[in-house]
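Undergrad: Per the numbering used here, the very first residue in the sequence shown carries number 101; after that it's consecutive. Cβ atoms here follow ideal geometry from the backbone N, Cα and C, with glycine treated the same way. Below is the structure I would like to discuss, written out as structure tokens.
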Amino acid sequence: MLNQNFIDMCGQKSVIRELFAYGSERSKEIGYENVFDYSLGNPSVPVPESFTHEMIRLLQHEDAVALHGYSPTLGIDSVREAIATSLNDRFDMNYSKADIFMVSGAAGAIAHAARAVTIPGDEILTFAPFFPEYMPYINATGAVLKVVPADISTFQINFDAFVDMLNEKVMAVLINTPNNPSGIVYSTETIQKLAMILSEKEEEYGHPIYIISDEPYREIVFDGVDAPFVAAHYHNTMTCYSFSKSLSLPGERIGYIAVNPACEDSALLVDMFGQISRGIGHNCPPSIIQLAVAKSLYDTADLSVYETNKNILYTELTKMGFEIVEPGGTFYMFPKALEADARAFSDKAKELDLLLVPSDSFGVAGHFRISYCIPTEKVERSIPVFQKLAALYL
């Protein structure tokens, strides 16, 4: 018998992916330059040269059998050691190789982390607005994802609602900073308050409450923005990282989980991840990609274009009357739609070949997401189209 859960999911496909597919087909009809596709968070800048050079060197000079063979269950030792060292250098931590587990991107990291610290029926809390794929990531584990309503005035954590939702069944809190879809970066004050509350609740409930910190946008932070390293402020933190955005490598599916050495059962957790892999068929990311990223841990792609694009859009859209909490990082912003029905608003934009993602699946009504990882010249050419859209509501 076919699995009804996945049959049901076929009727609940990602709005983001469906818009992106539409944009691809529409581009064939009227030309890529005429479709202003702000749907998918697909990096628009090339990988750093250090990564490309290392890939070439590996292929030309290293043993092909080793490059393309299976890596150890937890990842290649030298890569894990290099990642630990880079985190210590940049964030004044004390990770070792034993605290690092290699995964196929941040999605794989979250899937492992959630399984390690919950059993079916446990709860994980996250904060709106949130990445819609969190639902299948968490609910497939048997745990239940519950969403704390947003503070739409700042998109920092709504602490009153959060405290109301905390209970003994909550085993983890899944956070995403810098945030997709809002672009907001949680401040040091926000993270410290979150840590204080969780520490108090751990003592009250008599069990750990873990932070699963989803950080693929950690390096995309704009000038002057306060961007704390979450694990430095809370002991029971598992940092889920992807190189997809910082190195523009989404197709390579490479990342890691870093378990704070101060975390309860830290050594056991990393070993558990290896066993979880057996159950979900993860079985380690490619050896050659692990080795190549290890040479680019202190590098990024040229991320400056994202701040340039943000500045253009934020300036021009606010002039048109859009209400926007200014992003502090990522390549997303989350304006308020010009009508209550976000999907209807996005449909009107679609008629103008302007592809904007309605906010409903992000856990917030009446907004839309702009993914501005597109060429700056195209951002500039889209401004008159936004003006046409705004004019429909005058």
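Ignore the nearest five residues each way along the sequence and tell me which others in residue 407's own chain have a CB closer than 6 Å to its CB.
TA: Taking the first residue of the sequence shown as position 1, residue 407 is located at position 307. Counting only Cβ-Cβ distances below 6 Å, and skipping sequence neighbours, we find 322.
Undergrad: For residue 261, which residues in the same chain have their Cβ closer than 7 Å to its Cβ, ignoring the five residues on either side in sequence?
TA: Position 161 of the sequence shown, counting from 1, holds the residue named residue 261. Once the five neighbours on either side are set aside, the close Cβ partners of residue 261 are 248 and 249.
Undergrad: Using a Cβ-Cβ cut-off of 6 Å (strictly less than) and excluding sequence neighbours within five positions of residue 120, which residues of its own chain qualify?
TA: Numbered from 1 along the sequence shown, position 20 holds the residue referred to as residue 120. Only 139 and 140 meet the Cβ criterion.
Undergrad: Are residue 488 and residue 452 touching if we call contact CB-CB under 8 Å?
TA: Indexing the sequence shown from 1 puts residue 488 at position 388. Indexing the sequence shown from 1 puts residue 452 at position 352. Cβ distance < 8 Å, so residue 488 and residue 452 count as in contact.
Undergrad: In whole angstroms, give me the CA-to-CA distance for residue 369 and residue 216.
TA: Taking the sequence shown and counting its residues from 1, the one referred to as residue 369 is at position 269. Taking the sequence shown and counting its residues from 1, the one referred to as residue 216 is at position 116. So the alpha carbons of these two residues sit roughly 7 Å apart.
Undergrad: Note down the Cα distance separating residue 206 from residue 340, rounded to an integer number of angstroms.
TA: Position 106 of the sequence shown holds residue 206. Position 240 of the sequence shown holds residue 340. Answer to the nearest angstrom: the Cα atoms are 6 Å apart.
Undergrad: Relative to the alpha-carbon of residue 231, which residue among 485, 440 and 434 has its alpha-carbon at the smallest distance?
TA: Taking the first residue of the sequence shown as position 1, residue 231 is located at position 131. It is 434.
Undergrad: Relative to the alpha-carbon of residue 423, which residue among 459, 398, 467 and 387 has its alpha-carbon at the smallest distance?
TA: Position 323 of the sequence shown, counting from 1, holds the residue named residue 423. Out of 459, 398, 467 and 387, 467 has the C-alpha closest to the C-alpha of residue 423.
Undergrad: For the alpha helix (DSSP H) holding residue 367, just list the boundary residues, first then last.
TA: Working through the sequence shown from its first residue, we reach residue 367 at position 267. 366-380 is the extent of the alpha helix (DSSP H) around residue 367.
Undergrad: Does the stretch 387-406 come within contact of the stretch 168-175, defined as at least 3 CB pairs closer than 8 Å?
TA: These segments touch.
Undergrad: Using the three-state DSSP reduction, which class does residue 201 fall into: helix, strand or coil?
TA: By one-based count along the sequence shown, residue 201 stands at place 101. DSSP places residue 201 in strand when its eight states are reduced to three.
Undergrad: Just reading off the beta strand (DSSP E) that residue 447 is part of, what are its end residues?
TA: Here residue 447 corresponds to residue number 347 of the sequence shown, with the count starting at 1. Segment 442-451 is the alpha helix (DSSP H) holding residue 447; no beta strand (DSSP E) there.
Undergrad: Note down, one range per segment and in chain order, each alpha helix (DSSP H) of at least 4 residues found wholly within the stretch 222-265.
TA: Qualifying alpha helix (DSSP H) stretches, in chain order: 234-239 and 259-265.
Undergrad: If distances are taken between C-alpha atoms only, which option among 214, 299 and 197 comes closest to residue 576?
TA: With the chain running from 101 to 494 in the structure shown, residue 576 is simply not present.
Undergrad: Please identify the residue among 335, 258, 492 and 145 whose C-alpha is closest to the C-alpha of residue 404.
TA: Along the sequence shown, one-based indexing puts residue 404 at 304. Among 335, 258, 492 and 145, the Cα nearest to that of residue 404 is on 145.
Undergrad: Express the C-alpha separation of residue 462 and residue 448 in angstroms, rounding to a whole number.
TA: One-based indexing of the sequence shown puts residue 448 at position 348. One-based indexing of the sequence shown puts residue 462 at position 362. Computed Cα separation, rounded: 20 Å.
Undergrad: For residue 430 and residue 324, which I take to be in contact (beta-carbon distance under 8 Å), what is that distance rounded to the nearest angstrom?
TA: Here residue 430 refers to the residue found at position 330 when the sequence shown is read from its first residue. Here residue 324 refers to the residue found at position 224 when the sequence shown is read from its first residue. The pair is not a contact, with the Cβ atoms about 16 Å apart (cut-off 8 Å).
Undergrad: So the alpha helix (DSSP H) residue 155 belongs to, where does it begin and stop?
TA: By one-based count along the sequence shown, residue 155 stands at place 55. Run containing residue 155: 149-161, per the alpha helix (DSSP H) assignment.
Undergrad: Any idea which residues DSSP pairs residue 342 with across the strands?
TA: As a first step, residue 342 must be located in the sequence shown, where it is residue number 242. Its beta-bridge partners are 355.
Undergrad: Please report how far the alpha carbon of residue 482 lies from the alpha carbon of residue 454, in whole angstroms.
TA: The residue you call residue 482 lines up with position 382 of the sequence shown. The residue you call residue 454 lines up with position 354 of the sequence shown. Rounded to whole angstroms, residue 482 to residue 454 spans 8 Å at the Cα level.
Undergrad: Return the CA-CA distance between residue 354 and residue 491, expressed in angstroms with no decimal places.
TA: Residue numbering aside, residue 354 sits at position 254 when the sequence shown is read from its first letter. Residue numbering aside, residue 491 sits at position 391 when the sequence shown is read from its first letter. The alpha-carbon atoms of residue 354 and residue 491 are separated by roughly 43 Å.
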